Amino acid sequence: MPQMAPILWLPMFFFFLFFLFLFISLNFFIKPFNKIQVSSSSTPPTYKPWSL
């Protein structure tokens, strides 16, 4: 029945919003791991490391 659609779709929508918020907050608060320096550490890295 079409009348039952909000009962089914609203929890899935809030479930999606919760995990979207969780994903964005974890990406904001958790800094990436430092890369392990390999044996050729005499050459400067070609990439700019992340800075938050």
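Numbering follows the numbering used here, with no gaps: position 49 of the sequence shown is 31.
Even glycine gets a Cβ: it sits at the ideal position worked out from N, Cα and C.
Quick caveat, the model's predicted, so the values are computed rather than measured.
N-terminal and C-terminal residue of the alpha helix (DSSP H) that residue i is part of
i	result
Ser7	-13 to 11
Whether residue i touches residue j by CB criterion (9 Å)
i	j	result
Trp32	Lys13	yes
C-alpha distance - residue i paired with residue j, whole-angstrom precision
i	j	result
Asn9	Pro(-7)	24 Å
Gln(-15)	Leu2	27 Å
Phe(-4)	Ser7	16 Å
Pro(-12)	Phe11	34 Å
Residue of the options minimising C-alpha distance to residue i
i	options	result
Phe15	Met(-14), Leu34, Ile(-11), Gln(-15)	Leu34
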